[in-house]
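Mapping to numbering that gives the first Met the number 0: the sequence shown position 57 is 56, numbers consecutive.
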Amino acid sequence: MKRALHLDRKFLPLLVTVGLFVGLYLYGMVQYRGFASPQVFFNLLIDNAFLIITSIGMTFVILAGGIDLSVGAMIAFTTVFSAFMLEDLGWSPVVVIPAILLFGVLFGGAMGSIIHFFKVQPFIVTLAGMFFARGMCFVISTDAITISNPFYRAVALYRLPIFGKSFISINVVIVLVVLAVAIYLAHFTRFGRTVYAIGGNEQSALLMGLPVARTKILVYTLNGFCSALAGLVFSIYMLSGYGLYTNGLELEAIASVVIGGTMLTGGVGYVVGTLFGVLIQGLIQTIIMFQGTL
0 MKRALHLDRK FLPLLVTVGL FVGLYLYGMV QYRGFASPQV FFNLLIDNAF LIITSIGMTF
60 VILAGGIDLS VGAMIAFTTV FSAFMLEDLG WSPVVVIPAI LLFGVLFGGA MGSIIHFFKV
120 QPFIVTLAGM FFARGMCFVI STDAITISNP FYRAVALYRL PIFGKSFISI NVVIVLVVLA
180 VAIYLAHFTR FGRTVYAIGG NEQSALLMGL PVARTKILVY TLNGFCSALA GLVFSIYMLS
240 GYGLYTNGLE LEAIASVVIG GTMLTGGVGY VVGTLFGVLI QGLIQTIIMF QGTL
């Protein structure tokens, strides 16, 4: 009985988050005509695909007791850099997409290394990373760059039928794959268990012989990859690159993680909760749109 109560308490933040989402959705269905359409839910996933991917990466960082303020600027840089390579340099998406993802991995890994080996606070390092990425956007271009690449446009316009007239985009498929991989990493691998241990108490994790240094660097590397991937998804969604895109998105990502039940102090939280944290924010915006006040 005590064990059951302990498990209930452990999952309480996640259950509250899911309950809040269901409550808001039911409210919308009762209040507004057409809200019950499955496409309304699918549009939540389509419109927030980039934020879901960003927030999933942020979940691992916060679970490990860190923070990353560079994700919004990283996404903006990704859109500008990919648009520049596609339109100005004429490079193929086969080259551009791996290059962007590799840059995200290196950028995140560099910040993680500085944080761990030089013992600098994550807030300071990632704030510097934010300024660097945002500044590099305007070094490349001060104006928006429209993406006319046929591959990007084909992916952006493609609709995958679900049932009836409902559909999702390729970006949603990417989100579902990232979500599945993230859940596996967080809850079924040694890496995930080490992340939770570091967030709970880093000194205890060291005394247990866990690979703290490697894991902390990998966490920021993973977040850098997620930010770059989110930038590619956002590039496809907007079909353009601009240095002012996703300004302040890091706060939305952090809010999504916290709403999803992950503690800012680290060590407690769930990737699935983060998904619902993003959906709750998107659902609130959708309700406001149905009210006609947005």
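In this text, a Cβ means the ideal position worked out from N, Cα and C, and glycines have one as well.
Check: Within the stretch 40-96, note down every full alpha helix (DSSP H) run reaching 4 residues or more, in order along the chain.; Outcome: 48-62 and 70-82
Check: On the DSSP bridge list, what partners appear for Leu159?; Outcome: Ile167
Check: With DSSP collapsed to three states, give me the class of Gly247.; Outcome: coil
Check: Shortest alpha-carbon distance to Ser165 belongs to which of Leu44, Pro92, Glu251 and Ala196?; Outcome: Leu44
Check: Since Ile144 sits in a beta bridge, which residues does DSSP pair it with?; Outcome: Gly240
Check: Looking only at its chain, what residues have a beta carbon closer than 7 angstroms to the beta carbon of Gly111, apart from the 5 residues adjacent to it on each side?; Outcome: Lys215, Ile216, Val218, Tyr219 and Thr220
Check: Between which residues of its own chain and Phe122 is the CB-CB distance below 8 angstroms, once the five residues before and five after are set aside?; Outcome: Ile66 and Leu68
Check: Leaving out five residues before and five after Phe20 in sequence, what residues of the same chain have Cβ atoms less than 7 angstroms from its Cβ?; Outcome: Phe275, Leu278, Ile279 and Leu282
Check: Please say whether Ile146 and Leu243 have beta carbons closer to each other than 8 angstroms?; Outcome: no
Check: Can you tell me whether DSSP reads Ala185 as helix, strand or coil?; Outcome: helix
Check: Assuming Thr58 and Val232 make a contact with CB atoms under 8 angstroms, what is their CB distance in whole Å?; Outcome: The pair is not a contact, with the Cβ atoms about 17 angstroms apart (cut-off 8 angstroms).
Check: What is the residue span of the alpha helix (DSSP H) that Thr125 lies within?; Outcome: Pro121 to Ile139
Check: Give the range of the alpha helix (DSSP H) segment to which Thr285 is assigned.; Outcome: Val270 to Gln290
Check: Pairs of beta-carbons, one from the stretch 193-204 and one from the stretch 256-271, closer than 8 angstroms: are there three or more?; Outcome: yes
Check: Out of Tyr236, Ile235, Ser255 and Gly230, state which residue places its alpha-carbon closest to the alpha-carbon of Val104.; Outcome: Gly230
Check: Spell out a yes or no on whether the stretch 134-151 and the stretch 251-260 are touching, meaning 3 or more CB-CB pairs, one atom from each, closer than 8 angstroms.; Outcome: no
Check: Just to confirm my understanding: we take Ile182, look at its own chain, exclude 5 residues before and 5 after, and list those with CB closer than 6 angstroms. What are they?; Outcome: Val270
Check: Run through DSSP, which three-state label would Ala212 get?; Outcome: helix
Check: Between Phe106 and Gly223, which are expected to be in contact by the criterion C-beta below 8 angstroms, what is the C-beta distance as a whole number of angstroms?; Outcome: 5 angstroms
Check: For Leu157, which residues of its own chain have a beta-carbon under 6 angstroms away from its beta-carbon, when the five flanking residues on both sides are left out?; Outcome: The question names Leu, but residue 157 is Tyr in the sequence shown. Counting only Cβ-Cβ distances below 6 angstroms, and skipping sequence neighbours, we find Ile169.
Check: Return the residue from the list Val79, Phe162, Gly64 and Asp46 that minimises the CA-CA distance to Ser36.; Outcome: Phe162
Check: Going by the CB atoms, is the gap between Leu248 and Leu100 shorter than 8 angstroms?; Outcome: no
Check: Taking the Cβ atom as the reference point for each residue, do Gly268 and Leu62 lie within a distance shorter than 8 angstroms?; Outcome: yes
Check: Quick one: residues in its chain with C-beta nearer than 6 angstroms to the C-beta of Gly191, no 5 flanking neighbours on either side, listed in chain order?; Outcome: Leu184 and Ala185
Check: Take the Cβ of Thr16 as the centre, count every other Cβ of all protein chains shown within 10 Å, and call the residue buried at 16 or more, exposed below.; Outcome: buried
Check: With DSSP collapsed to three states, give me the class of Leu13.; Outcome: helix
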